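A.B. asks: In case it helps, the working numbering puts the sequence shown at residues 517 to 777.
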Amino acid sequence: FRYDVALVSALKDMEEDILEGLKAQDLDDYTSGPFTVVVKESCDGMGDVSEKHGSGPAVPEKAVRFSFTVMNINFPNNNGPVRIFEESKPNSELCCKPLCLMLADESDHETLTAILSPLIAEREAMKTAELLLEMGGILRNFRFVFRGTGYDEKLVREVEGLEASGSIYICTLCDATRLEASQNLVNHSITRSHGENLQRYEMWRSNPHHESVDELRDRVKGVSAKPFIETLPSIDALHCDIGNAAEFYRIFQLEIGEFYK
């Protein structure tokens with residue numbers, strides 16, 4: 517679907533919720549905006565979708581789905597933004613709107629970029645544009661904020677131009693190498709960003725300091741392809757759990773060691 521059309525359709529589906537939200541916050545029914553809509557974007561491979569029992573050769577058929585969820589809608593007030601809609605189950609498949617379904621392997625960089633590039637161009641255009649949409653008989657003004665948080669590590673590396681997961685640069689959030697990460701278990705902060713990745717790719721491509729491959733790779737910290745989708749560097753619940761478990765495991769090991777001494 518075209519991105520703007522899909523967003524209009526999603527907002528139209530939520531018309532009652534939005535009008536009720538205005539009432540609940542004691543705002544006028546004829547408030548025209550501008551409303552800020554926060555959109556969560558997700559993309560993932562769907563695995564093997566080939567026909568399991570039919571005649572003919574077994575063709576490996578992979579699919580990738582790009583989808584979005586309207587997370588919340590705010591109205592800027594004098595005392596700060598007023599929330600007129602919030603998705604109560606943001607991780608439910610019921611509020612997750614498919615935008616693009618492609619028969620491709622998520623590892624196939626060329627196909628992925630070819631199919632998703634027009635969609636990303638629409639997204640870029642909408643970041644600075646405003647949407648006028650009739651709702652409850654009044655034209656209302658919507659702005660969109662996109663948050664690309666629904667990507668797993670494999671896809672983040674793919675779309676942000678980073679080396680694959682076997683790389684010595686083990687993190688998609690910071691520049692740590694495997695060695696640094698194993699020696700420093702505590703102090704890390706999120707330093708990578710889409711803009712920085714683009715700059716580093718440009719450096720990788722042009723090699724302005726005329727360095728050797730190893731020096732250049734160290735300078736760009738593992739960025740070796742052109743980033744084409746802006747993801748928001750974030751940690752998911754699973755990796756929080758893994759981090760906590762690893763930390764507790766270490767504490768338990770130390771405690772048990774002390775006990776046996």
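Note that the Cβ used here is the ideal one computed from N, Cα and C, for glycine as well. Quick caveat: nothing in here was measured; it's all calculated off a predicted structure.
Report yes if the CB atom of residue 554 is closer than 8 Å to the CB atom of residue 587, and no otherwise.
C.D. replies: By 1-based counting over the sequence shown, the position of residue 554 is 38. By 1-based counting over the sequence shown, the position of residue 587 is 71. It is a contact, given that the beta carbons lie within the stated cut-off.
A.B. asks: Nearest CA to the CA of residue 653: which residue from 547, 762, 589?
C.D. replies: If you number the sequence shown from 1, residue 653 lands on position 137. For residue 653, the nearest C-alpha among the options comes from 547.
A.B. asks: Report yes if the C-beta distance between residue 638 and residue 529 is below 8 Å; otherwise report no.
C.D. replies: Position 122 of the sequence shown holds residue 638. Position 13 of the sequence shown holds residue 529. No, the pair does not count as a contact, with Cβ atoms beyond the cut-off.
A.B. asks: Okay, do the stretch 601–611 and the stretch 560–580 touch, 3+ Cβ pairs below 8 Å being the bar?
C.D. replies: Cβ pair count under 8 Å is below three, so no.
A.B. asks: Whose C-alpha, out of 676, 708, 599, is nearest the C-alpha of residue 691?
C.D. replies: Here residue 691 refers to the residue found at position 175 of the sequence shown. With distances taken between Cα atoms, residue 691 lies closest to 708.
A.B. asks: Check this for me: beta carbons of residue 630 and residue 578, under 8 Å apart or not?
C.D. replies: Sequence index remark: in the sequence shown, residue 630 carries index 114 (1-based). Sequence index remark: in the sequence shown, residue 578 carries index 62 (1-based). No, Cβ-Cβ distance for residue 630 and residue 578 is not below 8 Å.
A.B. asks: Could you check the C-alpha separation between residue 688 and residue 750 for me, to the nearest Å?
C.D. replies: As a first step, residue 688 is located in the sequence shown; it is residue number 172 there, counting from the start. As a first step, residue 750 is located in the sequence shown; it is residue number 234 there, counting from the start. Computed Cα separation, rounded: 9 Å.
A.B. asks: Would you give the residue range spanned by the beta strand (DSSP E) that residue 597 belongs to?
C.D. replies: To locate residue 597, count along the sequence shown from 1; it is residue 81. Residue 597 -> beta strand (DSSP E) spans 596–602.
A.B. asks: DSSP on residue 797, reduced to helix/strand/coil?
C.D. replies: The question about residue 797 has no answer, for the chain in this structure spans 517 to 777.
A.B. asks: So, residue 673 versus residue 556, is the Cβ gap smaller than 8 Å?
C.D. replies: Here the question's residue 673 lines up with position 157 in the sequence shown. Here the question's residue 556 lines up with position 40 in the sequence shown. Cβ atoms of residue 673 and residue 556: not closer than 8 Å.
A.B. asks: Helix or strand or just coil, what does DSSP make of residue 539?
C.D. replies: Residue numbering aside, residue 539 sits at position 23 when the sequence shown is read from its first letter. Helix, per DSSP.
A.B. asks: Following the continuous alpha helix (DSSP H) through residue 730, name the residue where it begins and the one where it ends.
C.D. replies: Taking the first residue of the sequence shown as 1, we reach residue 730 at position 214. 729–736 is the extent of the alpha helix (DSSP H) around residue 730.
A.B. asks: To test your reading of the DSSP string, which unbroken beta strand (DSSP E) runs of 3 or more residues are found completely within the stretch 539–586?
C.D. replies: Those beta strand (DSSP E) runs which fall completely within the stretch 539–586 and span 3+ residues are 551–564.
A.B. asks: Anyone know if the C-beta pair for residue 618 and residue 580 falls short of 8 Å?
C.D. replies: Here the question's residue 618 lines up with position 102 in the sequence shown. Here the question's residue 580 lines up with position 64 in the sequence shown. Contact: yes.
A.B. asks: Would you list the one or two residues that DSSP bridges to residue 662?
C.D. replies: Within the sequence shown, the letter at position 146 stands for residue 662. Residue 662 pairs with 555.
A.B. asks: Which word fits residue 562, buried or exposed, when buried means at least 16 other C-beta atoms lie within 10 angstroms of its C-beta?
C.D. replies: The sequence position of residue 562 within the sequence shown is 46, counting from 1. Classification for residue 562: exposed.
A.B. asks: For residue 736, I'd like the list of residues in its chain whose CB is within less than 8 Å of its CB, leaving aside the five on either flank, ordered along the chain.
C.D. replies: Within the sequence shown, residue 736 is the residue found at index 220, counting from 1. Excluding positions up to five away in sequence, the list reads 716, 717, 719, 720.
A.B. asks: Kindly provide the ranges of any beta strand (DSSP E) runs that are 3 or more residues long and lie completely inside the stretch 622–672, ordered along the chain.
C.D. replies: Listed in chain order, the complete beta strand (DSSP E) runs (minimum 3 residues) inside the stretch 622–672 are 647–651, 654–667.
A.B. asks: Please classify residue 644 as buried or exposed, where buried requires at least 16 other C-beta atoms within 10 Å of its C-beta.
C.D. replies: Indexing the sequence shown from 1 puts residue 644 at position 128. With fewer than 16 other Cβ atoms within 10 Å, it is exposed.
A.B. asks: Under a three-way DSSP split, which group does residue 613 fall into?
C.D. replies: Here residue 613 corresponds to residue number 97 of the sequence shown, with the count starting at 1. Residue 613: strand per DSSP, three-state reduction.
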